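J.: Just passing along the structure, written as structure tokens.
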């Protein structure tokens, strides 16, 4: 303990900016949810807490994620790099070969230089906290977070140290729409989900949403089953808003509401069918609200295009931390707005289905590369009551041509939508001579982006995995070594390109190595490259370290 305490007291060289110049930042997230909020014009939603946050902040009205499903989307959000560049676009890497016929579970190996933005914040002096969910597809590197657990908070940080906290809410997850009494035979996860949903339903101390007042989009059959499930989603949204309200009350009580930038967004669009696992707006458009302590821009609504990869550079800029050149997004409060943003989908559990999309302010173009229907049969998604009702009515012959088109394959090779005239995106303009120039422009944009991004989906998943894990085995990170530079400080390094290093007490993971260390008592250190297995911890004795 004494050795650990001495080692952990050593400070990296190079002082970060004064704490007063670096705000606390709190990112509140929810799962599987489009902008179903009063602040975004939804008249059914009861969301007073998030609406109030929007009234005091800047609301982005055209914010989109890079994927319509959580793990690929979260990998892009946490790095500022598209999942196709990272090799994290398949849902989930650990399911390859377990829910599909071929393959073996793996962790993706991003390019060596890529780091999660919380690790970059740690390097800049921030204390980083994650409450509940990671799901990054490249493992959970111990260098990303100071605390990564349920109930993690900022109280263990050093005096005056700024913090970044990411706090997730599950209330609106796809599975939370499964109603009581869902048949356990539909999927192995149903029994456990029913227990979780019972706890969620116990939170709902309000009258349920009237199914008669919900809007049924034209791609769904308008039946009591469909209306009831949409109404349940609104109830879940209301319960989530109440939970966010309790969090905001805590922040106010602790003084954090007045000294922190507070951000709210979701990890992708609706968890309902034809939302989740697609790149229609219903699958990728999300709320994004940024509230500053001084309420600058309060009540502002911005219409510029936003991608989830913009979050990392924005937060680094707000924290006065360096923004690496490899980040693909832009600072929302200083960078130039793009003319288009991009999104995609690949394998979803047991179904491989590749598609890519490009979204301009008005037009949205989607290209499919496989011969499956737009909505293929997927075991987990088939539990949802809307999905089961949709397929029942397909068999009974009770669907409109538009409604049938999603379930009967194959998907059109190209889809083009005028989102201003057709916000539900149900009228495909691809092939219409009146929109030939628009289609050509967006198709060329997509081709250019696929090439520039290094889209790894051009290869099969098996080929990609073989490239990341040669011989089918997870690469191991080389151990940490140390040498003494001319100032007398210690430089830590690993022979593995892109490895991150932790140092400190018993397991060598307490602190992030960001700059040479002042010599002190012996300490332990370990290294990890994202997607690799971690090195063994080694003891570094400054008295025995040779010159570099």
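Residue numbers (the numbering used here): 354 to 901. Cβ coordinates follow ideal geometry from the N, Cα and C atoms, glycine included. Given the structure is predicted, the values throughout are model-derived calculations rather than measurements.
1. Would you mind sorting residue 701 into buried or exposed? The rule is 16 or more other CB atoms within 10 Å of its CB.
2. Is the beta carbon of residue 879 less than 7 Å from the beta carbon of residue 862?
3. Looking only at its own chain, which residues have a Cβ that is under 6 Å from the Cβ of residue 357, when we skip the five neighbours before and after it?
4. Going by beta-carbon coordinates alone, are residue 411 and residue 434 separated by less than 7 Å?
5. Just how far apart, CA to CA, sit residue 488 and residue 605?
6. Whole angstroms are fine: how far does the CA of residue 486 sit from the CA of residue 620?
7. May I ask you to verify whether the segment 663-674 touches the segment 472-487, counting CB pairs closer than 8 Å and requiring at least 3?
8. Please classify residue 676: does DSSP put it in a helix, a strand, or coil?
9. Report the option in 454, 617, 513 whose CA atom is closest to the CA atom of residue 400.
10. Would you mind listing the beta strand (DSSP E) stretches within the segment 646-710 that are 3+ residues and don't spill past its ends, in chain order?
11. Taking only three categories from DSSP, how would you classify residue 895?
12. Within the segment 465-533, note down every full beta strand (DSSP E) run reaching 3 residues or more, in order along the chain.
13. Give a yes or no on whether the C-beta atoms belonging to residue 894 and residue 875 are separated by under 7 Å.
14. Does the structure place the segment 443-461 close enough to the segment 376-390 that three or more beta carbon pairs sit under 8 Å?
15. Quick one: what's got a C-beta closer than 7 Å to residue 900's C-beta in the same chain, skipping five residues either side?
16. Below 8 Å on the Cβ atoms is my contact criterion, and I expect residue 458 with residue 441 to pass it. Report the Cβ-Cβ distance as a whole number of Å.
17. Check whether the segment 718-728 and the segment 644-657 touch, using three or more Cβ-Cβ pairs below 8 Å as the test.
18. Would you please state the rounded distance, in angstroms, between the beta carbons of residue 624 and residue 530? I believe it to be under 8 Å.
19. Hey, how far is the Cα of residue 615 from the Cα of residue 573?
20. For residue 856, does the three-state DSSP call read helix, strand or coil?
21. Measuring only the C-alpha atoms, how far is residue 407 from residue 383?
22. Are at least three pairs of beta-carbons, each pair with one atom in the segment 650-670 and one in the segment 412-423, less than 8 Å apart?
23. Tell me which same chain residues have a C-beta within less than 7 Å of the C-beta of residue 783, skipping the five on either side of it?
24. Looking at the unbroken alpha helix (DSSP H) that takes in residue 767, where does it start and where does it end?
25. Buried or exposed for residue 612, going by 16 or more other Cβ atoms inside 10 Å?
T.: Judging by the given coordinates:
1. Along the chain shown, one-based indexing puts residue 701 at 348. Residue 701 comes out buried.
2. The residue you call residue 879 lines up with position 526 of the chain shown. The residue you call residue 862 lines up with position 509 of the chain shown. Yes; because the gap between Cβ atoms is below 7 Å, this pair is in contact.
3. As a first step, residue 357 is located in the chain shown; it is residue number 4 there, counting from the start. Any reading at residue 357 must be qualified, since the residue scores a pLDDT of 30, below 50, and its modelled position is unreliable; the value itself is stated next. These residues qualify, in order along the chain: 858.
4. Taking the chain shown and counting its residues from 1, the one referred to as residue 411 is at position 58. Taking the chain shown and counting its residues from 1, the one referred to as residue 434 is at position 81. Contact flag unset, no.
5. The residue you call residue 488 lines up with position 135 of the chain shown. The residue you call residue 605 lines up with position 252 of the chain shown. Spanning the two alpha carbons is a distance of roughly 30 Å.
6. As a working mapping, residue 620 is identified with position 267 in the chain shown. As a working mapping, residue 486 is identified with position 133 in the chain shown. Between residue 620 and residue 486, the C-alpha separation is close to 11 Å.
7. yes
8. Here residue 676 refers to the residue found at position 323 of the chain shown. If DSSP states are grouped into helix, strand and coil, residue 676 belongs with coil.
9. Counting from 1 along the chain shown, the entry for residue 400 is found at position 47. Selected option, being the one with the closest Cα: 617.
10. 653-655, 694-701
11. Looking up residue 895 in the chain shown gives position 542. Note: residue 895 maps to helix in three-state DSSP.
12. 480-484, 516-522
13. Along the chain shown, read from residue 1 onward, the residue named residue 894 stands at position 541. Along the chain shown, read from residue 1 onward, the residue named residue 875 stands at position 522. In this structure, residue 875 lies closer than 7 Å to residue 894 by Cβ.
14. no
15. Counted from its first residue, the chain shown places residue 900 at position 547. 836, 837, listed in sequence order.
16. For the purposes of this step, residue 458 is identified with residue 105 of the chain shown, where counting begins at 1. For the purposes of this step, residue 441 is identified with residue 88 of the chain shown, where counting begins at 1. So it is not a contact: roughly 14 Å between Cβ atoms.
17. no
18. Within the chain shown, numbered from 1, the residue matching residue 624 stands at position 271. Within the chain shown, numbered from 1, the residue matching residue 530 stands at position 177. That belief holds up - the Cβ atoms of residue 624 and residue 530 are roughly 6 Å apart, short of 8 Å.
19. For the purposes of this step, residue 615 is identified with residue 262 of the chain shown, where counting begins at 1. For the purposes of this step, residue 573 is identified with residue 220 of the chain shown, where counting begins at 1. Rounded to the nearest angstrom, the two C-alpha atoms are 36 Å apart.
20. The residue labelled residue 856 in the question sits at position 503 within the chain shown. Residue state, collapsed to three classes: strand.
21. Walking along the chain shown from the start, residue 407 turns up at place 54. Walking along the chain shown from the start, residue 383 turns up at place 30. In a straight line, the C-alpha of residue 407 is about 15 Å away from that of residue 383.
22. yes
23. To locate residue 783, count along the chain shown from 1; it is residue 430. The residues are 765, 767, 768, 769, 792.
24. Residue 767 sits at position 414 when you count from the first residue of the chain shown. Note, residue 767: premise wrong, no alpha helix (DSSP H); beta strand (DSSP E) at 767-771.
25. As a working note, residue 612 is residue 259 in the chain shown. The residue in question, residue 612, is exposed, as its Cβ has fewer than 16 Cβ neighbours within 10 Å.
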